[in-house]
Structures are given as structure tokens and as C-alpha cells.
């Protein structure tokens, strides 16, 4: 019953999508740019059918309808209802349906809220967006149908990957998808702007809010995913440069560059072609990341769904999209002659854009290079933190300095006369760094320079905020929060990177071992039965004689039955200064356990700074009328 109804809803979505494409194509071909009532009705029916199919799948997961293959493979009657719902997008089929839903929702909202735009521009946007929707709908129905029926109907499901059974799963993928898929609407708008010869300023005004929305959601999704990986995967850090992590970071660089470039286009009508290119490659990079993850060609500790056949479809679709978009761009390239003054807000924004492109290129190369070595030389290599740290870290220094100075610049031409203030802030930053140097004994030149430049950004942002508050003049709070947050983020990242400690030891129950200025005692083990797994809980006491404190940590080994899987849950004690982080695993069924104990300074400040950075985008979104 649910299978039939689900497929009817999906086929209905295809029908209404085709109808929208037909009507818009007819209109643009005949140069009749009137939005007819039928188009409005079809858009309403399209979003209704698509959303209904998603809620139907949620219903199937909640009530454990194992007649659907997706439910059978990713759910179980014993699974808590929270994870039943979250499991809807914890698999390929459900996540792709979520992808299509977001595309349809963005298409409908853009259609509704951009009614004042030129009709030709709106119709072209609707046409391109629905062609994309149709492509993914065909992929969904033909290759990844969440309503595929199996017979005979199993009595029980296989369950969800235990690693995915976490509260963060409920919000991490949807947030990322809102960022990923949200970029589709300004990809379509960019194509529409070229085809309809739209004015640059109007184009910038129409996409500005959508760029900010996708950037904000993408930022929040990355942060939540990072926190999830920190406590769930046992990495013990805020970022591991895992290929799947990188796949989410690459579009974020494009979005960040686009957020700032749109401002230049809207204010000065400059960088039109650059904004168009960024709009195109943002969505292309999102689909590329999806291809890399879904195809299975990337090895990642948290790649949970891959299929070469599915990857091939995405690759073909991606290739056609790249050929189509860049053919249109270069064939109908918009005249964009301009001159930038060396010292102006536009120049600083464009310079920081190029920094973003450098970071993007570095991460992209580092992510795909192992694929080429595998194909060409049959050699497996891994590109890890040392590569990224060595390449990116030095370039962070001028980037932070320019982030501090850029907002103070004026449009067109600027004369920055307040050099005395800059010198004072720089000296103050150096003094604070010397104190940190004295306390932590940090001798790394690059690290010290990053600390100085991040402090420069922090102090400069706070100073500007105080001065503007006193004069009660206009102040861009969203920019202030994002820039301040990023400065704080880089400051604590460097402190965390330089002063983290890690200890790896083998220990038995009842033993006490000395680690640095501390002692770790393995007190006991206990076994408990939970709702859908059994758990082995270790009890550890950490003694720090130098600082005179004792902490208790309780890492877990969870044994899931559906499916049969072992997971290792970290124990974390958090305060404002540092995290104590401990994981344990049994060594080949012996009495010995491998224990990884880490001291991670300022983790709480890293998460706070990351959320502060993202909040600037959210605030800016709310302020746009």
C-alpha cells in the first residue's frame, strides 16, 4: 500500500515538474514572459506531492513497514522512535529524497518571493531549476527508489548503522543539505541572469538572501558534524581532514567568497562575471562532493552509503551540468569592465576571495590526489593534516589581517589614515602573544604569527564595535560577529593544535599508570543492557598531582545486535580551559585494554567561536527585507 502510494506521489512530482518545464519553455521560446495561473497551480501541486512523499517515508519508518527495502535495510522495531525518524535520511534513498524536497522547496520559495523581478529572469530560473529537479527525480525513481517493495515482507529489519544512532544525525545531514542544495537556486538564477541579460545589481539583490541562507546552514551543518565526529568517531579533535569532511568544506569556501562578492555587485555593479562563476561552481562543487562520497571512490571512516552505479549517474549528470553552464557562460559572457582602486573595500573583498579560492584548490587537490595515485600507480596514499597545515597555515596570516582592515575601507576609493591605531593594535597583539609564548613555551614561528594576526582581528573588531556604539552610527553587526568569531576560532585552534597532549597505553583493570604529570587508574568494568544495545562501561580515575585534581571518566564499548556492530564511545570532561578525552578498546579478547587519553585545550571555545561565526550569517539573513 505505502509502496504504491509513494510511487504515485513521486510520479506525480515528475509529471508536475515536466509540466512546469513545458510551460516555462513555451513562454521563453515565444518570448511571452507572463506568469500564467497554470504555472502557479503546477508549482503548488509539485511541492505538495514531493513533501507528501517525504512524510510518507517518515511514516513508513516510524511504523516499521518492512515491505519497503529502505526501511528494512535501515530500521528495526527495537530502535527508538527518534532514530527511526532520523534514519529516514541516514541512508542513500532517504537522503536523496530529502535532497529533491529541498530543491523543490527552494524553487517554490524563490518563485514566490521574487515576484517583483523581471518575468523573463523568473521564468528562466524556474526552467533551469526544474530541469535540475527532474534530473534528480529520474535518478531517485530509477536507481534509488525509497519506495521499492520487497517480497516476502520480512518480520524484522536489519537496523541502522550504530554510528548514525546519535542525536546529531537528526540535524547534521538536513543542515548540510540545506546548504548544499540551497546553492542550486542561485546556480539556476545565474543561468537565468545570463539568458535573460539581467542587470547585475538586480541579480545580486535577488540571490543575496539565498546565498546567506545556504552559507548559514552549511556553516551550522559543518559545525554540528565536527562536534559529532569529535565525540562519536574517537578522533579527539575538531577537524580530521577526512575526505567526507572536505567534501562539505569545498562548497563552503565558494559560498563564503560569494557572500562577499554579491555585496560588491549590489553596491558597485562590479564583479558580475565573477559572481556568476561563483554561483555556478558552488553548486557544481556540492554535486561533486556528493559524487565523491556516493560513488565509493573516497575512503572515509564515515562514508555510510556508496554505490559505483549511482556514482556513475551523478558523474554523467554533473558532467552535463558543467558543459551546459560554462557553454552558456562563455557564449553569452556579460561585459564586465571595471577598474578597482588599490585601496578600497572592493579590492579587499576580491583579494579575500582569492584566498578562499586558494583554500578550495588546496583542499580539493588534497582530497582527490589519492584517487589519481591509486589509478595511475596502484598505490594507496593518504593526504592528512600535515599537508593541509603546511600549505594553508602561512596563508591564514595575511587573510586575517585583511579581514580586520577590509570592513573599515570605503567603497570606490579609501584613504586609511588611522595607521597609529593599527600599530597600537599590532603591538598589543604581539604583547599578548609574548605572554602566551612565555606561559605555553610555544616556539613555532607560523603559529605565533597566526596568533598575532588573529588577535589583531579580534582587537580591531572589538575596538570598531566600541567606537560605533559610542557614536551611535550604523554598524554592520552581522559582519562584526562573523569576523570576530573567525578571529577567536583561529586563535583557539592554534592554541589547541600546539598544546594538545596525547597518551596511548595498554592497561588492565586495577592497574595505575603514570602519564606525564598525571596518573590514570583503571578501576573497574561493568556491563549494562540498554534499549537496543549492550554496553561495557569502563571506570577511570585521572589524577593530576601538579594541579591537584581528580576526574572520573567512563568510556564505553557498545555492542549492537541489529546490525551486529561494536562502537567505541569516548568519555569527555569539559570545562572552559580544556577537555579530558578518553577512549578504550579491548586487545584481542585479553585482559588488556588499549586506552587513548588526550588533553585538548579550549575545545569549548572552538565550538563557541564557530557558532559565533555562523550566527553572523543568520543575523544578516534576518535583516534583509
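Residue numbers (my numbering): 171 to 795. Beta carbons: idealized from backbone N, C-alpha and C, even for Gly.
To which residues of the same chain is residue 472 closer than 8 Å at the C-beta, ignoring the five residues directly before and after it? The predicted position of residue 472 is uncertain, since its pLDDT is 49 and thus under 50; no value can be drawn from it.
On the three-state DSSP scale, how would you describe residue 233? coil
Which same chain residues, not among the five before or five after residue 691, have their C-beta less than 6 Å away from its C-beta? 682 and 711
Cβ pair residue 302, residue 420 closer than 8 Å: no
Can you list, in chain order, the residues of its chain with a C-beta nearer than 8 Å to that of residue 698? Leave out the 5 residues immediately preceding and following it. 704, 705 and 707
Residues bridged to residue 729 [DSSP beta-bridge criterion]: 704 and 736
Within the chosen definition, does the region 264 to 274 reach the region 340 to 353 through at least 3 CB pairs nearer than 8 Å? yes
Are there three or more Cβ pairs, one per stretch, closer than 8 Å when the region 179 to 198 is compared with the region 227 to 234? no
Between the C-alpha atoms of residue 500 and residue 353, what's the straight-line distance to the nearest angstrom? 21 Å
For the region 645 to 661 and the region 620 to 637, state whether three or more C-beta atom pairs, one from each stretch, are separated by less than 8 Å. yes
What does the alpha-carbon distance come out to for the pair residue 649 and residue 768? 35 Å
List the whole-angstrom C-beta distance separating residue 250 from residue 701, where the pair is believed to meet the contact cut-off of C-beta under 8 Å. 6 Å
Cβ-based neighbour list, residue 383, same chain, cut-off 7 Å, excluding 5 preceding and 5 following: 352 and 791
Taking three-plus beta-carbon pairs below 8 Å as touching, is the region 172 to 186 in contact with the region 214 to 230? yes
Cβ-Cβ distance between residue 663 and residue 742 below 8 Å: no
Is the region 476 to 496 close to the region 535 to 547, with three or more CB pairs under 8 Å? no
Quick one: what does DSSP say residue 516 is sitting in, helix, strand or coil? helix
Using the three-state DSSP reduction, which class does residue 240 fall into: helix, strand or coil? helix
Helix, strand or coil at residue 554 [DSSP, three-state]: coil
Does the structure place the region 375 to 392 close enough to the region 516 to 529 that three or more beta carbon pairs sit under 8 Å? no
When DSSP labels each residue in this structure, what does residue 441 get in the three-state scheme? coil
Spatially closest choice to residue 735 from 309, 329, 750 and 195, by CA coordinates: 329
For the structure I just gave you, are there three or more beta carbon pairs, one from the region 190 to 209 and one from the region 171 to 178, closer than 8 Å? no
Cβ neighbours of residue 675 in the same chain (closer than 8 Å, five flanking residues each side left out): 683, 685, 690, 764, 765 and 767
Below 8 Å on the Cβ atoms is my contact criterion, and I expect residue 780 with residue 659 to pass it. Report the Cβ-Cβ distance as a whole number of Å. 6 Å
What did DSSP end up calling residue 772 once you bin it into helix, strand or coil? coil
Alpha carbon to alpha carbon, how far is residue 532 from residue 225? Give it in angstroms, no decimals. 40 Å
So, at 6 Å on beta carbons, what are the nonlocal neighbours of residue 474 in its own chain, with the 5 sequence-adjacent residues on each side left out? The predicted model places residue 474 with a pLDDT of 47, which falls under 50 and marks its position as unreliable; any figure quoted below should be read in that light. Excluding sequence neighbours, residue 474 sits near 331.
Residues near residue 555 by beta carbon distance below 7 Å, same chain, minus five either side: 411
Let's see if you can read the secondary structure: which residues bound the beta strand (DSSP E) around residue 750? 748 to 756
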